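In mature numbering (1 follows the signal peptide of the UniProt record, and there is no 0), the protein residues as written are -33 to -1, 1 to 714.
Heads up, the beta-carbon is just placed ideally off N, CA and C, and yes, glycines get one too.
Please read these numbers as outputs of a predicted model, since none were measured by experiment.
What follows is a short report on a single structure.
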Amino acid sequence: MVTLKGGRQGHQSLAVVWLSWMMIVLSQQRLSAFTITKNGNNNFEVSVDGVTVFHHTEASPMLFLGKGDTNFIESKGNFRVEEYVTSRLPLSRVEMNQNCNSGPTCQIKLSATGNEYIEFRMTESEGHSLVLDFLNVSVTFERVWLRLVAEPDERVYGGGEQFSYFNLRGRDYPIWTREQGVGRNKSTLTTFYSDHDSGAGGDYHTTYFPQPTFLSSRKYYFHHSGSNYAVLDFSHDDFHEVHVLGVPGRVYVTGASQPAALVSQLTSVLGRQPTLPDWVYTGAILGIQGGTQKMLDYIQQADDYSIPVSGVWIQDWVGRITTSFGRRLFWDWHWNQEQYPDLPAQITRLKERGIRVLAYINPYLNFLGDLFKVADANGYFVKNSTNQTFVNDFGEFYCDVIKKNMIEFGFGGWMADFGEYLPTNGVYFHSGQTAEELHNEWPVLWAKLNREAVEESGKLGDVMFWMRAGYSGTGNYSTVMWAGDQNVDFSLSDGIASTVPAALSMGVSGVGLTHFDIGGFTTFAAFTPPLVRTEQCLLRSAEMAVFTPVFRTHEGNQPTASVQYYSSDGTLRKFARLARMFASLQNYRRHVVNLTATTGLPAQRPLFLHYPSDPQSYDVTYQYMFGPDLMVAPVYLPDLESWDVYLPPDPETTWVFLWNESKTSSGGETVKVESVLGRPPAFYRKSSAFIDDFRQLASEHLIDLPAYIPPQPAGPDSGRVACVAARAMTGPWQILLAVVIFAFSRF
């Protein structure tokens, strides 16, 4: 055997003590070196922290080389990946460098019977237990499979943002950023209709934010640094397999005795999100539109109902264009004075009241707009094989629009939408990368551009932008993520419930601040039965948002068809109460976000990060810890007034039911609690420094009014099915693939 070594003042003071303690605990967690054990000429094992991660034998090698065809078929950001493997060659023979006998670096060559081989180096560096670099790969092959040891009862988490499953075992997960799909379950009618309309139905694995990273219940994490198409395959009992198209990037494997230490270490490498602006914690961000006067009317209405408002989000600030699909946003990113007269003055006045005005942008341009003409004249766009501006449904661009037209204009933040649509057919980049190589990296570059605009304007900590698309490294740039376009229903695969595993999987992948559209987004009023938002769906979603970093509404893609927070007097009163509950947690929320920024531990945490010795905590998908002291069990099914909550054993404290302090538990049990609408099931730790805040939240009196049932949907968008697969989708008019060469010079 050869071992290679490798809020308030009281709250603030208590929070500082807790943070200092947490930093000490995490710093003391051992990130161990790796160990190679040779068992004969062609057999060896690699372990980290005593856990075997690679096991190579002639009969079951750790690496395979292959050939095949991979096609990416795209329609409006929905990619269908077709793979046909023509050969797969096991690399059974081992040649191990003499350095492997003394460390800390080991170079190994695995080969087949001919000249097919892979040469790689293993070392401990950059704070990782094991770093694997691929040095040489046979040029006649263009894909690699890497196997890791698995155990039948092992759990695996991560993969970026995964909406359907938190534990990834039993399935494979393609790593390719794209639209998440509408329905995302091939057995549902919603998915069937969406697939039939535009191939937009999606599946359990489709996501805006994939990442070739996973955390194992065996106490290690795996991360692949490349951006090529890959597949994480967890469908086998005795091994995991990572399939990479092209030459693999660097592989990191790190072990530690506690899962929290693994997540903290991962974020120290991938980057951590900054703290959010303080104004975000003070109330709701209302998603509204329709012009200056309507914006002011909604704010006055919020005042009348005592809704604490931190911001108003006006995605139609650029105006609209009429297409065959109806009224859509005009993607030319500057203020439309006809739509929003006197907006600069109103932004100033509202900011004095503590209310920010927020906007919308995406990385595409309408070819009828002024910005397209400027960008095209300067040669900023991607070119096709004939050196002409590439025209497709969607594209990318960069100029100083964000700084000049948004930050200097006075906006307090914006939705930085899309980033998944980069096509792979005939696109050329000055960097020399192919579109397939750059596709997954594209949303990272989009995030970096937004972050640079904020930092160069000196507004980090004051401006917040939120994104849905991502890949490895996005968390280093985006201030906060959001979960994209959920259906306005209670479905597990694509409804409000799906935002919970999405947040948890993203958190263990290293991105700890995210949120969602309250009530969902995607609406199909023309379905039978209609897919429209009910009051119950809106309010159950808002209950969940109380225990997240950001509380933001969205009218959805068919606003007149769905219940809005302003639809009725009763809905307004119920929503106002939930918004006040959110605001009452601002001291605790600030503490939680500060922890995420300093330690990398996510705001919404899987139970096993705090209770790693409790086996049942590894199997909980739809509960989470919001920070260190709150256990949240959102009600994600309709028409239920009681709910089961699992409480892990906690020898240091007692669990206290938020809505009835006489109901307590020492943990290690599932308890049934009342879950009437307006009282989301939650427990707090009795030892928390924030008990006064939790009690203030619980003091909001329940509003017992009949549910609002809207009239039959009516209006120009009520029966339209098209354009629901993407937010603010354009019509058939051309959008130009606007990739700014200048932007690449900055990276």
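Check: Quick one: what's Asn454 bridged to in DSSP?
Finding: Thr489
Notebook entry, point to check: What alpha helix (DSSP H) runs, 4 residues minimum, are completely inside the region 116 to 191?
Noted result: 156 to 165
Next item on the list: Answer with buried or exposed for Ser654, where buried requires no fewer than 16 other C-beta atoms within 10 angstroms of its C-beta.
Entry: Looking at its Cβ environment, which holds fewer than 16 other Cβ atoms inside 10 Å, Ser654 is exposed.
Next item on the list: Could you check which residue in Val559, Gln282 and Glu403 has the C-alpha nearest to that of Phe432?
Entry: Looking only at Val559, Gln282 and Glu403, the smallest Cα-Cα distance to Phe432 is reached by Gln282.
Checklist line | Same chain only: Cβ atoms within 7 Å of Gly166, ignoring 5 sequence neighbours per side | finding: Ser42, Asn45 and Arg47
Checklist line | Extent of the continuous alpha helix (DSSP H) run through Ile314 | finding: Leu310 to Glu319
Notebook entry, point to check: Cα separation between Ile708 and Phe396?
Noted result: Its pLDDT being 29, under 50, Ile708 is placed unreliably in this model, and the coordinates cannot settle the point.
Note to self: Could you check if Asp536 belongs to the surroundings of the ligand FMN, using beta carbon to heavy atom distance under 7 Å?
What the structure shows: No copy of the ligand FMN occurs in the structure displayed, which carries no ligand at all.
Checklist line | Beta-carbon spacing of Tyr651, Leu625 below 8 Å | finding: yes
Item checked: Beta-carbon contacts of Ile314 that lie in its chain and below 6 Å, excluding the five residues immediately before and after -> Only Val324 and Gly377 meet the Cβ criterion.
Notebook entry, point to check: From this set, Ile3, Tyr84, Gly645 and Asn6, which residue's C-alpha is nearest Ala512's C-alpha?
Noted result: Answer by Cα proximity: Gly645.
Check: In chain order, what residues of the same chain lie with their CB nearer than 7 Å to the CB of Thr481, ignoring the 5 residues before and after it?
Finding: Val447, Met448, Trp449, Ala450, Ala470 and Met473
Check: Considering only C-alpha positions, which residue in the set Ala570, Arg435 and Phe542 is nearest to residue 754?
Finding: Absent from the structure is residue 754, since the part of the chain shown begins at -33 and ends at 714.
Note to self: Rounding to the nearest angstrom, what Cα-Cα distance links Ala455 and Pro605 in this structure?
What the structure shows: Residue 455 is actually Val in this sequence, not Ala. So the alpha carbons of these two residues sit roughly 12 Å apart.
Check: Considering Val411, what are the terminal residues of the alpha helix (DSSP H) in which it resides?
Finding: Trp409 to Glu423
Notebook entry, point to check: What residues in its chain sit with their C-beta under 6 Å from that of Arg435, if we drop five residues either side in the sequence?
Noted result: Tyr175, Trp449 and Gly451
Next item on the list: Identify whether Gln571 lies in helix, strand or coil by the three-state DSSP scheme.
Entry: strand
Notebook entry, point to check: What does a CB cutoff of less than 6 Å around Pro57 pick up in its chain, not counting 5 residues either side in sequence?
Noted result: Pro28 and Phe31
Checklist line | Of the residues Gly150, Pro618 and Leu135, the one placed nearest Val587, counting alpha carbons only | finding: Out of Gly150, Pro618 and Leu135, Leu135 has the C-alpha closest to the C-alpha of Val587.
Next item on the list: Please look up how many angstroms separate the CB atoms of Glu404 and Ser194, rounded, as I've assumed it's under 8 Å.
Entry: 6 Å
Next item on the list: Give every residue of the same chain whose Cβ lies closer than 7 Å to the Cβ of Gly286, excluding the five residues on either side of it in the sequence, and list them in chain order.
Entry: Phe297, Asn303, Glu305 and Gln306
Next item on the list: State the Cα-Cα distance for the pair Val499 and Gln453, rounded to the nearest angstrom.
Entry: 12 Å
Next item on the list: Grab the span of the alpha helix (DSSP H) containing Leu562 for me, first residue to last.
Entry: Gln553 to Thr566
Next item on the list: Compare the beta carbon distance of Leu664 and Ser439 with 8 Å and say whether it is the shorter of the two.
Entry: no
Next item on the list: Measure the C-alpha to C-alpha separation of Phe593 and Asn10 and round it to an integer number of angstroms.
Entry: 45 Å
Next item on the list: Have a look at Tyr140 and Gln225 and give me their C-alpha separation to the nearest angstrom.
Entry: 25 Å
Item checked: Span separating the alpha-carbon of Gly150 from that of Glu208 -> Distance between the alpha carbons of Gly150 and Glu208 is about 28 Å.
Next item on the list: Assign Val15 to one of two classes, buried (16 or more other C-beta atoms within 10 Å of its C-beta) or exposed (fewer than that).
Entry: Answer is buried; the Cβ neighbour count reaches 16.
Check: Considering only C-alpha positions, which residue in the set Cys67, Leu77, Glu121 and Lys318 is nearest to Val20?
Finding: Glu121
Notebook entry, point to check: In terms of DSSP beta bridges, what is Asp205 paired with?
Noted result: According to DSSP, which records beta bridges pairwise, Asp205 is partnered with nothing at all.
Note to self: Once DSSP output is grouped into helix, strand and coil, what is the label at Ala464?
What the structure shows: In the three-state reduction of the DSSP assignment, Ala464 falls in the helix class.
Check: So, are the CB atoms of Val530 and Leu505 less than 8 Å apart?
Finding: yes
Note to self: Is the separation between the beta-carbon of Ser476 and that of Thr180 shorter than 8 Å?
What the structure shows: yes
Item checked: Extent of the continuous beta strand (DSSP E) to which Ser14 belongs -> Here the beta strand (DSSP E) through Ser14 covers Phe11 to Val15.
Checklist line | Under 8 Å between C-beta atoms of Val198 and His210 | finding: Contact: yes.
Margin query: Please return the same chain residues whose Cβ sits closer than 7 Å to the Cβ of Leu607, not counting the five positions on each side in sequence.
Written below: Sequence-distant partners of Leu607 (beyond 5 residues in either direction) whose C-beta falls short of 7 Å from its own C-beta, in its chain, are Ser642.
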